[in-house]
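Going by our numbering, the sequence shown opens with residue 895, and the numbers climb by one from there. One structure is given below, encoded as structure tokens.
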Amino acid sequence: MEIRIQHAAFRRQLASVRITLERLIKQGASAVGFGAAQMVPTLAYHMETDLGFLEAILDDNPARPA
Numbered sequence: 895m896e897i898r899i900q901h902a903a904f905r906r907q908l909a910s911v912r913i914t915l916e917r918l919i920k921q922g923a924s925a926v927g928f929g930a931a932q933m934v935p936t937l938a939y940h941m942e943t944d945l946g947f948l949e950a951i952l953d954d955n956p957a958r959p960a
């Protein structure tokens, strides 16, 4: 039961981050992501977004496409 409670809190927190970012962007703020590693798709999945609101995702690995 504790795991379900913590998972629900995790989902609420990520949803709150997404909503806040989207609101700030609508108000004219710029937003970029950093680090296009394997974590980004997982983060996007759990935030229930494609991160399309970001202007760019920056990566320190020059081998990754921009």
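Every residue gets a Cβ at the ideal spot worked out from N, C-alpha and C, and that includes glycine.
When the five nearest sequence neighbours on each side are left out, the beta carbons in the same chain lying within less than 8 Å of the beta carbon of Ala909 are those of Met941 and Glu942, in order along the chain.
According to the DSSP assignment, Phe904 belongs to the alpha helix (DSSP H) that extends over Glu896 to Lys920. For Ala950, the beta-bridge partners assigned by DSSP are Val926.
The beta carbons of Asp944 and Ala950 sit no closer together than 9 Å.
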